[in-house]
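Data block below; observations after.
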Amino acid sequence: MKNPWEEIGLDDYENHMKLDSVKQLQTLNSMMKAQFDEYPVTTAMVLGVAGGNGLEHVYGGKYSTVYGVDINEKYLDAVAARFAGMTDSGVLKLLKADLISEPEKLPQAELLIANLLIEYIGYDAFAKVVSAVNPRFVSCVIQINEDVCNWVSDSPYIHSFDKLEEVHHQMEENELVATMNAVGYSEKAKMKERLPNGKALVRIDFENEVLN
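So the sequence shown is numbered by the numbering used here: it starts at 981 and just counts up by one.
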């Protein structure tokens, strides 16, 4: 059975995310700039890269390699077209993978970025991904909903996301921290960006001090 994310069109996803009533595409873009800039690393991996929002902040020669991972091959094709210069130079490497069943396919990277991703694979699968990638730093963005019955904001595109209910997990900050502690990562920083409709994006960063 296909993962629901393999059937959601990129245009529907991005047009929904950038609506003024949702404002997640824009907010995530600025949060990703901070994620890429924050740590003294040269390799990074973006899980659930979708259409590549935020990849334009990989600049200035800081990164030798950035991996973009997604389950949807059409999303990866769009990223390759949008960031042809980065793929042609070898800095951006794209990888199709099912993070739940194929964590062993993932290469290692110093920084792991997982934005609005853990909700769709669950804590246990994410812990296995982290162990496979073995990053020094992990930076996650999760969505916190005051209205747990409506975790997808209303929009003209909402029915494109109907099947996501099958794979969605409600996120709790404390549960994520406990999951990361269990695989050797301690909380390093936390910040919140408020969104319309009673939602917020919470960024939590972790560090594995053994790899320091």
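Cβ atoms here follow ideal geometry from the backbone N, Cα and C, with glycine treated the same way.
Remember, predicted model here, so these are calculated numbers, not experimental data.
When DSSP states are grouped into helix, strand and coil, E1167 belongs to the strand group. The closest CA to that of S1119, considering only T1045, E986, E1167 and N983, is found on E1167. By alpha-carbon distance to K1076, the top candidate from K1054, L1097 and F1063 is K1054. The three-state secondary structure of Y1047, taken from DSSP, is strand. R1116 counts as buried, since at least 16 other C-beta atoms from the protein chains shown sit within 10 angstroms of its C-beta.
Relative to the Cα of N1114, the nearest Cα in the group V1059, I1093 and G1102 belongs to I1093. Per DSSP, the unbroken alpha helix (DSSP H) holding N1154 starts and ends at E1153 to A1162. At a Cβ-Cβ threshold of 8 Å, T1007 and E1173 count as neighbours.
For E986, the closest C-alpha among the options M1025, L1072 and D1078 is that of D1078.
For G1031, the closest C-alpha among the options L1086, A1060 and T1159 is that of A1060. About 5 Å separates the Cβ atoms of I1124 and V1182, confirming a contact at the 8 Å cut-off. Sequence-distant partners of A1180 (beyond 5 residues in either direction) whose C-beta falls short of 8 Å from its own C-beta, in its chain, are Q1123, I1124, K1172, E1173 and R1174. In terms of Cβ geometry, L1035 and F1063 form a close pair [threshold 8 Å]. At the C-beta level, Y1043 and V1071 come within 8 Å of one another. Taking all protein chains in view, the Cβ of K1085 is surrounded by fewer than 16 other Cβ atoms within 10 Å, so the residue is classified as exposed.
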